[in-house]
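Participant: In this text, residue positions in the sequence shown follow our numbering: the first is 652, and each later residue adds one.
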Amino acid sequence: MKKNALITGASRGIGRAMAESFAAAGFDLILTCLHQIKELEELGRELENSHGVRCRCYAVDAGDCEAVTDLFSRIEQLDVLVNNAGIAHMGLLQDMSPQQWHRIIATHLDGCFYTSRLAIPLMLARGGGHILNISSVWGNVGASMEVAYSAAKGGVNSFTRALAKELAPSHIQVNAIACGVIDTDMNRCLTTDDMEVLRQEIPADRLGSPQEVAALALLLTRAPGYLTGQVITMDGGFV
Ligand code: NAD
């Protein structure tokens, strides 16, 4: 029987690469994005044509409980949930508005809660499943000028570890990938000079690719059942 995966934030970057890898592996997909629904639908059609899988695409704000609940009313079965949707915010904490703060926390952390709570019963009905959260090294060590983002991803890491304990008896594995600097549009706000400084700090001497994160994500859906509650850092030796 075909397996189903929900990937949030799949219109570009890491989410898009994961959609491509999961489709190539034969998963039927439910893909979401915030605004770029045309691009997402185009990707869905491409994947259906090239891999013979079913792709359903929706614009759903990961930080909106009602919208996520509405999405799940259309999902009958689920084997893999990938919480990937994310946004960056750079700036001093003292200049950040409460609205900006809540937006970051809602997208990254509330989003994991809104999807997971509805995915769990579907996975219990299948006898197991995988929840995979795309996190950041800043959630491990914190970053200046990215306090809200670091706090949100730190929360995602703790959410991962705690939920893994809760769900291990039910054969649902919960893991996270803490990414270092990955070459996506999320980093386009940085200047070429900033990117060069960053690159020089990375022992691997390059940024990671979205395809590398996707390859690890797919591996984790095939990992032995005893691997759960882990925040796996993928950063070229950066942090
Ligand atoms: P990206 O900006 O290229 O893509 C982000 C995706 O998330 C898009 O599809 C966008 O539509 C979607 N999205 C944003 N807000 C959303 C919302 N509220 N609801 C639904 N979808 C939403 O970013 P990326 O680099 O591919 O990032 C993917 C994940 O990886 C994020 O969680 C990010 O925090 C994490 N990450 C990225 C890096 C990096 O260097 N690129 C490093 C560490 C962690």
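Cβ coordinates follow ideal geometry from the N, Cα and C atoms, glycine included. What you are looking at is a predicted structure, and each value in this text was computed from that prediction instead of being measured.
Quick one: what does DSSP say valine 832 is sitting in, helix, strand or coil?
Facilitator: Translated into positions along the sequence shown, residue 832 becomes position 181. Coil at valine 832, not helix or strand.
Participant: Could you tell me the boundaries of the beta strand (DSSP E) in which cysteine 708 lies?
Facilitator: Here residue 708 refers to the residue found at position 57 of the sequence shown. Where cysteine 708 is concerned, the enclosing beta strand (DSSP E) stretches over 706-710.
Participant: In chain order, what residues of the same chain have a beta carbon less than 6 Å from the beta carbon of aspartate 679, not counting five sequence neighbours either side?
Facilitator: Position 28 of the sequence shown holds residue 679. Correct list, in chain order: Lys653, Asn655, Val704, Arg705.
Participant: By DSSP, does asparagine 735 sit in helix, in strand, or in coil?
Facilitator: Taking the sequence shown and counting its residues from 1, one reaches residue 735 at position 84. Three-state DSSP puts asparagine 735 in coil, outside helix and strand.
Participant: In whole angstroms, what is the alpha-carbon distance linking serine 767 and asparagine 734?
Facilitator: One-based indexing of the sequence shown puts residue 767 at position 116. One-based indexing of the sequence shown puts residue 734 at position 83. Roughly 9 Å between the two C-alpha positions.
Participant: Among the candidates Gly714, Asn791, Ala670, Ala802, whose CA atom is the shortest distance from the CA of arginine 707?
Facilitator: The residue given as residue 707 occupies position 56 in the sequence shown. The residue with the shortest Cα to Cα distance from arginine 707 is Ala670.
Participant: Determine the extent of the alpha helix (DSSP H) in which aspartate 721 is found, giving its start and end residues.
Facilitator: The sequence position of residue 721 within the sequence shown is 70, counting from 1. From DSSP, the alpha helix (DSSP H) with aspartate 721 extends over 716-723.
Participant: Run through the segment 790-870 for me and flag every whole alpha helix (DSSP H) of 4 or more residues, listed as ranges in chain order.
Facilitator: The segment 790-870 contains these whole alpha helix (DSSP H) runs: 798-818, 843-852.
Participant: State yes or no: is the C-beta of glutamine 728 nearer than 7 Å to some heavy atom of the ligand NAD?
Facilitator: In the sequence shown, the residue the question calls residue 728 occupies position 77. No, the beta carbon of glutamine 728 sits no closer than 7 Å to any heavy atom of the ligand NAD.
Participant: Please tell me whether, using a cut-off of 7 Å, the distance from the CB of leucine 760 to the nearest non-hydrogen atom of the ligand NAD is below it.
Facilitator: The residue labelled residue 760 in the question sits at position 109 within the sequence shown. Answer for leucine 760: no, Cβ out of range of the ligand NAD.
Participant: Since serine 767 is in the alpha helix (DSSP H), which residue starts that stretch and which ends it?
Facilitator: Numbered from its first residue, the sequence shown carries residue 767 at position 116. 762-777 is the span of the alpha helix (DSSP H), which, as asked, contains serine 767.
Participant: Using the three-state DSSP reduction, which class does methionine 652 fall into: helix, strand or coil?
Facilitator: Within the sequence shown, residue 652 is the residue found at index 1, counting from 1. In this structure, methionine 652 counts as coil in the three-state DSSP scheme.
Participant: Return yes when the Cβ of alanine 661 is within less than 8 Å of the Cβ of leucine 698, no when it is not.
Facilitator: Translated into positions along the sequence shown, residue 698 becomes position 47. Translated into positions along the sequence shown, residue 661 becomes position 10. Contact flag unset, no.
Participant: According to DSSP, is histidine 702 helix, strand or coil?
Facilitator: Translated into positions along the sequence shown, residue 702 becomes position 51. The answer is helix: DSSP assigns histidine 702 an H, G or I state.
Participant: Classify leucine 743 as helix, strand or coil using the three-state DSSP reduction.
Facilitator: Walking along the sequence shown from the start, residue 743 turns up at place 92. Leucine 743 falls in the coil class under three-state DSSP.
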